[in-house]
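Encoded as structure tokens, the structure appears first; notes follow it.
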Amino acid sequence: MSALLEIKGVSRFFGGLAALSDVTFNVERGDILGLIGPNGAGKTTLFNVVNGFYGPSQGEVFFNGKKISGLKPHQICALGIARTFQVVKPLQRMSVLDNVIASAYLRVKSKAQATKTAADILHFTDLYDDRDVPSKGLPLGKRKRLEIARALATRPEMILLDESFAGLNPTEQNECVDIIKRIKGNGITIMIIEHHMKVIMSLSDRIVVLNYGQKIAEGNPEEVRNNPLVIEAYLGDTQGA
Amino acid sequence: MTSVQIEVLLQTVISGIFLGGLYALLGIGMTLIMGVMKIINLAHGELMMVGMYIAYALFSFFHIDPYLSIFIAAPALFLLGVMLQKFLINPVLTVESILPENQVILTVGIGMVLSNLATIFFTSDYRSTPVEYATKAWYISDFWKGSPIELSISFAWSVSFFFAVLITALLWFFLAKTDMGKSIRATAQDTDAALLMGVNVKKMRIITFGLGAALVGAAGCLFIPIYYLYPDLGGQFTLIAFVITILGGLGSTVGAIVGGLILGLFESLTATYIGMGWAPIGRFVIFIAALIFIPGGIVSLLKKQRFG
Amino acid sequence: MKKFLPLVLLAVLAVLPLLGLSTYLLHILILTIMWSVIGMAWNLLGGYCGQVSFGHAAFFGIGAYTAGILYSKVGISAWWGIPLSILVVTIFALIIGFICLRLRGPFFALGTLAVGVILRVLAENLTGLTDGNLGIMIRERTWVGKTWYFYIILALATLAFILVKKVIESKLGYYFVAIREDQDAAESLGIDTTYYKTIALCLSAVMTGLAGAFYTSYMGYIDPKVVFALHDISIVAIMVVMVGGVATYWGPVLGSVIMVLLAEGIRSIPRLGAAHHTFFGILLIIIIIFMPNGLTGDISKIKRLFRIGKNV
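Residue numbers (our numbering), protein chains in the order written: chain A, 1 to 241; chain B, 1001 to 1308; chain C, 2001 to 2312.
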């Protein structure tokens, strides 16, 4: 059986500049794949291509063996890929519960079912006590978790997490790591963008490194850590820390 | 084509270009405001109407030539624009509301008040400034005796067009060469970067709105010798300005000039060959075609060429 | 108790004509109810789904002209316009949506504004169909009194209210609000934003068109300048919602009461009548600056104001 997500020779140009050039890798079912690289390496662009916000300029993306590049984001979501945003996009004037209900409607018909799904997921992400708070009133840590909760409510097979740890304090980070592990435990495949090296190295099964839109390394955390290209491009200046 | 048909076509093209030049001035004011403040000013045509009434009043009471009243109307509109921006639009930019289009609706409110006040002060009668050169025209046969075709060019239209080009050139110089012009352009391109570079963004916004209003006020003075005036005329010109900006590309002065010329030509052709009443339809056919086929405006096409 | 409030209000309204109100008062009531239908319609698209339309006169006018043309060209009662306008307005809404819904935010607003103007110019120029600026006159009035007109518009308003409530409490409502709050997020959560925006537009357009079709039968005369008016229809539709309360059930109702009374009040003052747009404009500016979510939307703000007043 082929990998769950296959990215084949994907390039994406913006006005002549290549944000991604000829990126190829697979994400295996059930894995956590860490996507790292310096700022501007093209990580979020890659998410946007997988998620359907941008079509690839060249190359193709397959999910479950089906070509998804060229589909719209809502179609890709319906096929089973959910995502979070680096800059959180909560539905500000809706309560936390309503935020999640809105996503849960993708898979269920009735309001009762949607509410039940939403409640389950809020328990899962530890947000149930905040269910009636308007989401713009949440602190950043909980807003990041709400992003994850919303994505989960669409019952995805795969979830793309874009910097879910950025700006969190250590306690919140630990909670988040915990949730991600539990998501994996439920059999959901994860692709995660993260700057926090310690977290990403401990969580990921495999890591892909991007630099200037190109894939410069791929492997398990140990291999990537020792890859000279990666050290030069990215880890070099943080290793001492 | 017979020579009469050629004459009609050429005459139509010339008046289209003249109209387009004035439209460009109208569009530049709108596009400047849109670029710097990221808001759409739906009171733009009403500001022009105010400029026209200033010129009309100066002509009727003091016999000041409409072209001279540019020097009064433009500064007056600048002040009006500055005050609108400072006291009405700026506060709304920070108000939290469900509808994000609040500032657009606000400018509609401003437009309503302006045109209604004009009705109260000047009644809804049609006005014009009967200058003595209104019917004067240049004939091509005056310059070239043996010309196979005869064209007439209205004196007032050509003077208005000349001033429109002159003002556009001056504006170009201001934006390209002066420090303030450069700051305005920086604010339009990237507000955050401009802030970091030490540009007083708030001040630039106020000045830009004033400048946009002054430009459209000047356009009003250029329109009044060749057009009639009534209080509700603003709405139609707001739409024209908006169509030009969409056609040319948001925030682009070059786009506004090109867009203005295209629209002027197109309207002139529609009026000659289909019928006067259909000119507004032609305007919106262009508008919708631009929205669907060139969503970034003409400027985006030029850019694509460069990077291609 | 609160649950029965709509029923109580409906019952009170239903017996009003039996009390022998003057024709003028009944006329004001009819206008108010008609405007609350338009307000509810605009609110569904603008308030809940976040697509601010500056061109609802387009749908009002199409509804009105459907009824008018049925009378003047087909030779049947203008009342047939009420069922038929549903079909006609839906077709127009689909076309307009196809063009305008690809635009976001203020550009959608301006696209719809342009559509409103285009339709007015069409109605002025397609004289074979619309009789142009002469307008269409319905020569035979169905009823001399206003009572039955009142009940018909009341029934339409009741249906509109129920429709909006059902829609908002369903999956559609969640999707509309999600689209309003963040279109990108909604799209990535599996919501086909174009599809649902089109639904919101069609529902809103049909409700507005019904009000237009009613208007033709009630007023007995339409012309392009009146039914496709930018300020007096499209902008007033926005104001009804903004004054009353954005994205609330009762906002449009409250807003139409205020706007109709205000309009009538100003018009009846001899020297100020001509200035009613100035008053509307100033009211609009004040509302936007101080109460952008309307009377019912910003109720907490208003209460706070009064509390502060009492303490001082």
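Beta carbons: idealized from backbone N, C-alpha and C, even for Gly. It should be emphasised that the depicted structure is a prediction, and the values quoted were computed from it without experimental measurement.
Query, Result
"Looking at I2222 (chain C) and A2041 (chain C), is the spacing between their C-beta atoms short of 7 Å?", "no"
"Going by other Cβ atoms of all chains shown within 10 Å of its Cβ, with 16 needed for buried, is S202 (chain A) buried or exposed?", "exposed"
"Does the stretch 2162 to 2181 of chain C come close enough to the stretch 2257 to 2271 of chain C to have 3 or more Cβ pairs within less than 8 Å?", "no"
"Who are the near neighbours of F1261 (chain B) in its chain, counting only those whose CB is closer than 6 Å to its CB and skipping five residues on each side?", "It should be noted that the sequence gives Leu, not Phe, for residue 1261 (chain B). Correct list, in chain order: G1020."
"List the residues of chain C that N39 (chain A) touches, going by C-beta distances under 7 Å, in chain order.", "Those within 7 Å of N39 (chain A) in chain C number zero; the least Cβ separation is about 21 Å."
"Could you name the residues that DSSP lists as bridge partners for T44 (chain A)?", "DSSP lists no partner for T44 (chain A)."
"Can you find the residues in the same chain that come closer than 8 Å, C-beta to C-beta, to T1129 (chain B), ignoring five residues on each side of it along the sequence?", "A1055, Y1056, F1059, S1060, P1066, I1224, P1225"
"Mind listing the chain C neighbours of M1112 (chain B)? Cutoff is C-beta to C-beta under 8 Å, in chain order.", "H2231, I2235, H2277, T2278, F2280, G2281, L2284"
"By the 10 Å Cβ neighbour count, where 16 or more other Cβ atoms means buried, how is G2297 (chain C) classified, buried or exposed?", "buried"
"Identify, in the order they occur along the chain, each residue of the same chain with its Cβ nearer than 8 Å to the Cβ of Y2196 (chain C), setting aside the five sequence neighbours on each side.", "C2049, L2172, Y2175, F2176, I2179"
"Within 10 angstroms of its Cβ, does A2211 (chain C) collect 16 or more other Cβ (buried), or is it exposed?", "buried"
"Chain C partners of G1235 (chain B), CB-CB under 9 Å?", "V2117, L2230, H2231"
"Where do the N-terminal and C-terminal ends of the beta strand (DSSP E) with Y1139 (chain B) fall, by residue?", "1137 to 1139"
"Kindly indicate if chain B contains any beta-carbon less than 7 Å away from that of H2106 (chain C).", "Residue 2106 (chain C) is actually Pro in this sequence, not His. With 7 Å as the cut-off, P2106 (chain C) counts as an interface residue toward chain B."
"Any idea if L2018 (chain C) is buried or exposed, counting beta-carbon neighbours within 10 angstroms, 16 or more meaning buried?", "exposed"
"If I'm right that G40 (chain A) touches I207 (chain A) with Cβ under 8 Å, what's the distance once you round it to whole angstroms?", "G40 (chain A) to I207 (chain A), Cβ: 19 Å. No contact."
"Since F63 (chain A) is in the beta strand (DSSP E), which residue starts that stretch and which ends it?", "58 to 63"
"If you run the structure through DSSP and keep just helix, strand and coil, what is A166 (chain A)?", "coil"
"Between which two residues does the beta strand (DSSP E) harbouring D22 (chain A) extend?", "17 to 27"
"Distance check for L1026 (chain B) and A1241 (chain B), CA to CA, integer angstroms please.", "6 Å"
"If we ignore side chains and look at the alpha-carbon of each, how far apart do N64 (chain A) and T154 (chain A) end up?", "17 Å"
"Whose Cβ in chain C lies nearer than 8 Å to the Cβ of I1120 (chain B)?", "A2274, A2275, T2278"
"If you follow the beta strand (DSSP E) that L992 (chain B) is part of, which residue opens it and which one closes it?", "Nothing about residue 992 (chain B) can be read from this structure; chain B reaches only from 1001 to 1308."
"Any contact of the stretch 1230 to 1237 of chain B with the stretch 1110 to 1124 of chain B, i.e. 3+ C-beta pairs under 8 Å?", "yes"
"Quick one: list the residues of chain A neighbouring D2182 (chain C), beta-carbon separation under 7 Å, in chain order.", "K89, L91"
"Can you grab the Cα-Cα spacing for the pair F2279 (chain C) / H123 (chain A), in whole Å?", "52 Å"
"Y1023 (chain B) and I1244 (chain B) look like a contact to me (Cβ under 8 Å); what is the Cβ gap, rounded to whole Å?", "6 Å"
"Can you tell me which of the three DSSP states F85 (chain A) falls into?", "coil"
"Going by DSSP in three states, N220 (chain A) sits in which element: helix, strand or coil?", "coil"
"Just to check my reading of the structure: I2138 (chain C) and S2217 (chain C) have Cβ atoms closer than 8 Å, yes? What is that Cβ distance to the nearest angstrom?", "7 Å"
"Please list, in chain order, all residues of the same chain as S2256 (chain C) whose beta carbon is under 6 Å from its beta carbon, the five residues on each side excluded.", "T2032, W2035, S2036, G2039, V2240"
"Checking contacts by CB at 7 Å: is S2188 (chain C) closer than that to chain A?", "yes"
"Which ranges does the beta strand (DSSP E) cover as unbroken runs of at least 3 residues, wholly within the stretch 1238 to 1298 of chain B, from first to last along the chain?", "none"
"Using DSSP with H/G/I as helix, E/B as strand and the rest coil, what is Y1126 (chain B)?", "coil"
"Between P221 (chain A) and the rest of its own chain, which residues show a CB-CB distance below 7 Å, the 5 nearest in sequence each way excluded?", "M201, S204, I207"
"Looking at chain A, which residues of the stretch 2159 to 2173 of chain C have a Cβ within less than 9 Å of any of its Cβ atoms?", "E2169, S2170, K2171"
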